[in-house]
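J.:
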Amino acid sequence: MAILLRREGLYSSHLTTWRHQREQGEIAGLEPRKRGKKPVPRNPLAGEVQRLTRENQGLQKRLKQAETIIDVQKKLCDLLGLTVPPIEQNGSDE
Numbered sequence: 001m002a003i004l005l006r007r008e009g010l011y012s013s014h015l016t017t018w019r020h021q022r023e024q025g026e027i028a029g030l031e032p033r034k035r036g037k038k039p040v041p042r043n044p045l046a047g048e049v050q051r052l053t054r055e056n057q058g059l060q061k062r063l064k065q066a067e068t069i070i071d072v073q074k075k076l077c078d079l080l081g082l083t084v085p086p087i088e089q090n091g092s093d094e
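Just so we're aligned, residue 1 is where the sequence shown starts under the numbering used here, counting upward by one.
(1) Using the C-alpha atoms, what's the distance from residue 33 back to residue 49?
(2) How about residue 11 and residue 4: are their beta carbons less than 8 angstroms apart?
(3) With DSSP collapsed to three states, give me the class of residue 88.
(4) If you reduce the DSSP assignment to three classes, tell me which class residue 56 lands in.
(5) Could you give the distance in angstroms between the alpha-carbon of residue 82 and the alpha-carbon of residue 69?
(6) Can you give me the C-alpha to C-alpha distance between residue 51 and residue 35, rounded to a whole angstrom?
(7) Alpha carbon to alpha carbon, how far is residue 46 from residue 56? Give it in angstroms, no decimals.
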């Protein structure tokens, strides 16, 4: 063993230092680690973004339905010959 250490340029003091570091936990390379992908840190706002995205999609769907209903009502009024007073839009609704 001594011949191998001398040939590689290592001394017993190196071994003693490494043992001490290992006991103190300073050498992280010898620690067992989990294999596979590392877990991706989750953004704390990701859940809120998903909730708001779903809410936005639901509101867009309701808006499209409302616009379809309004178009049908307008066409029905045209067919029946009814006049619909124009709706006044003020700045607070937008």
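Just so it is clear, CB atoms sit at the ideal spot from N, CA and C, and this is done for glycine as well.
T.: Let's see:
(1) 33 angstroms
(2) no
(3) coil
(4) helix
(5) 17 angstroms
(6) 33 angstroms
(7) 15 angstroms
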